[in-house]
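Q:
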Amino acid sequence: MFADEPKGDGITGFPFDAAREGSWKISLPCTKAEAEQLAGDIPSIALLDPQPTLMTSEPDPAQPDVWQLDVYVEGAPDATLIEIVRGLVPSARGQDPVVEHIAEADWVTLSQSGLEPIRAGRFFVHTPVNADHVPNGLIGFTIDAGRAFGTGHHETTTGCLEMLDRLKSAGRRFADIADIGTGTGLLAFAARALWPAAQVIASDIDPVSIDVTAENAAVNSVPLGRGRGKVELVVAAGLAHRRLKTRAPYDLLIANILAGPLIELAPIFAGAILPGGSLILAGLLDTQADTVAAAYRRQGMWLADRRDRGDWPTLRMVRRRRH
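So the numbering used here is basically just the index in the sequence shown, starting at one, shifted up by 978.
1) Count the other CB atoms within 10 Å of the CB of S1311; is the residue buried (16 or more) or exposed (fewer)?
2) Does the region 1053-1072 come close enough to the region 1022-1035 to have 3 or more Cβ pairs within less than 8 Å?
3) To the nearest angstrom, report how far apart L1293 and D1283 are at their CA atoms.
4) So, helix, strand or coil for K1003, using DSSP?
5) Within 8 Å, do at least three Cβ pairs link the region 1168-1180 to the region 1206-1225?
6) For the beta strand (DSSP E) containing V1209, name the first residue and the last one.
7) Helix, strand or coil: how does DSSP classify R1064 here?
8) With C-beta atoms as the reference, is L1259 less than 8 Å away from A1233?
9) According to DSSP, is T1224 part of a helix, a strand, or is it coil?
10) Look up I1121 in the DSSP assignment and say whether it is helix, strand or coil.
11) Return the chain-ordered list of same chain residues with a C-beta closer than 8 Å to the C-beta of R1071, the five sequence neighbours on each side being excluded.
12) Roughly how many angstroms lie between the CA atoms of D1110 and A1272, to the nearest whole one?
13) If you reduce the DSSP assignment to three classes, tell me which class N1198 lands in.
14) Over what stretch of residues does the alpha helix (DSSP H) that includes V1270 continue unbroken?
15) What do you reckon, are the CB atoms on V1270 and L1240 nearer than 8 Å?
16) Between the C-alpha atoms of K1003 and L1059, what's the straight-line distance to the nearest angstrom?
17) Would you kindly report the start and end of the unbroken alpha helix (DSSP H) that includes D1143?
18) Please report the residue range of the alpha helix (DSSP H) in which R1284 lies.
19) Does the region 1140-1154 come close enough to the region 1185-1194 that 3 or more CB-CB pairs lie under 8 Å?
20) Please go through the same chain and pick out, in chain order, the residues whose beta-carbon is closer than 6 Å to the beta-carbon of L1243, but skip the five residues on each side of it.
21) Looking only at C-alpha atoms, which of L1006, E1133 and G1203 sits nearest to Y1050?
22) Using CA atoms only, rank isn't needed, just tell me which of A1218, T1160, E1036 and A1153 is closest to Y1228.
23) Comparing alpha-carbon positions, which option in V1186, G1254 and R1287 lies nearest R1298?
24) Do the CB positions of G1048 and K1010 come within less than 8 Å of each other?
25) Quick one: what's F1102 bridged to in DSSP?
26) Taking 8 Å as the cut-off, decide whether the C-beta atoms of P1291 and R1300 are in contact.
27) Closest to V1112 by C-alpha separation, out of A1169, I1121 and F1102, would be which residue?
28) So, is T1265 buried or exposed, given that buried needs 16 or more other C-beta atoms within 10 angstroms?
29) Would you identify the three-state DSSP class for I1023, choosing helix, strand or coil?
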């Protein structure tokens, strides 16, 4: 199905005019569970060039399980891309996607226009559309919804922001901070804002995420580099980088990744934490929380705090002090 909407130039029939230049949108209904899964890394999308931007939304709050997937791409989508998009939402099997040519417009702005700002503790995370609406007394960050995960709109990122806020409210101080799987850089920026004298290092296995973090740092006036008050960026899997190893041990480490890697990396992460230091873990479902926490208990850590947002818990593990 090809839409005919006032804001776009819809086309009926397939195949359509693939020579049409400009920006396009592919839309399909999805479930809430599928929308949550689409917030993570998607290999079938990550390998595409140009890489589409995926956005999910809840059109009708009265139907909480009925969501919509919108995929924005530069250039007309081909049959392969449309089939990939179909494969992302099995619940829509048999339904035709709405494929819409967007008239001369900034498609990134269009994709972000439906994203409401997020408040998490003292943080106010927004897209450029809402840059002039940061409430007084809150720490604002402008984060584009685009090439990397971590805009603040997923419960895992929001949960980490709230956990950082709770630590600050409790009077905790940190001097050496690591953000593993930084995505957009948001959590590293937030930690630096709360503890401006700390040394912060942010890493991601994806070089694109590090590029995005550098861009977001410039937008948010976050200084990059080594030393206190700055955020150092490295490309790495886990702690497998010379700088991450040299900088260890940390008194605060944030890892918003997935349950599997969190369990696998438990000995490495726990070994990189100072006695009494905190490890914030996210990216896991509530059904996985006990297994993840148990992996860190076996490494001499204890569960100091847990906050749940929907089905997504955020855990704070603390390394036991030596006696």
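Quick reminder that beta carbons are idealized off the backbone N, C-alpha and C, glycines included.
A: The short version:
1) Any property of residue 1311 remains undetermined from this structure, which presents the chain solely from 979 to 1301.
2) Pairwise C-beta distances place the region 1053-1072 in contact with the region 1022-1035, as three or more of them are shorter than 8 Å.
3) One C-alpha to the other measures close to 6 Å.
4) Correct three-state label for K1003: strand.
5) Because the criterion of three Cβ pairs below 8 Å is met, the region 1206-1225 and the region 1168-1180 touch.
6) Per DSSP, the continuous beta strand (DSSP E) segment holding V1209 begins and ends at V1209 to V1213.
7) Three-state result, R1064: helix.
8) Contact flag set, yes.
9) T1224 falls in the helix class under three-state DSSP.
10) Here DSSP, grouped into helix, strand and coil, assigns I1121 to coil.
11) If you ignore the 5 residues before and after R1071, its C-beta comes within less than 8 Å of the C-beta of R1064, all in its own chain and listed in chain order.
12) Each residue's CA atom was taken as its position, placing D1110 and A1272 some 44 Å apart.
13) Assigned with DSSP and collapsed to three states, N1198 falls in coil, not helix or strand.
14) V1270 -> alpha helix (DSSP H) spans A1267 to R1275.
15) Remark: C-beta atoms of V1270 and L1240 approach each other more closely than 8 Å.
16) Those two C-alpha atoms are separated by around 11 Å.
17) Bounds of the alpha helix (DSSP H) holding D1143 are E1133 to S1147.
18) No alpha helix (DSSP H) contains R1284, which is instead part of the beta strand (DSSP E) from M1279 to R1287.
19) In short, these stretches do not touch, since the Cβ pair count stays below three.
20) Only residues of its own chain outside the window of five on either side were considered, and among them G1216 have a CB closer than 6 Å to the CB of L1243, listed in chain order.
21) Taking the Cα of Y1050 as reference, the smallest distance to any Cα among L1006, E1133 and G1203 is reached at L1006.
22) Among A1218, T1160, E1036 and A1153, the Cα nearest to that of Y1228 belongs to A1153.
23) Nearest to R1298 by alpha-carbon distance, out of V1186, G1254 and R1287, is G1254.
24) As written in the sequence, residue 1048 is Asp, which differs from the Gly given in the question. Their beta carbons are not under 8 Å apart, which means D1048 does not touch K1010 by this criterion.
25) Under the DSSP definition of a beta bridge, F1102 partners with R1097 and G1118.
26) Result no, Cβ atoms of P1291 and R1300 do not sit closer than 8 Å.
27) It is F1102.
28) By the C-beta density criterion, T1265 is exposed, having fewer than 16 other C-beta atoms within 10 angstroms.
29) The answer is helix: DSSP assigns I1023 an H, G or I state.
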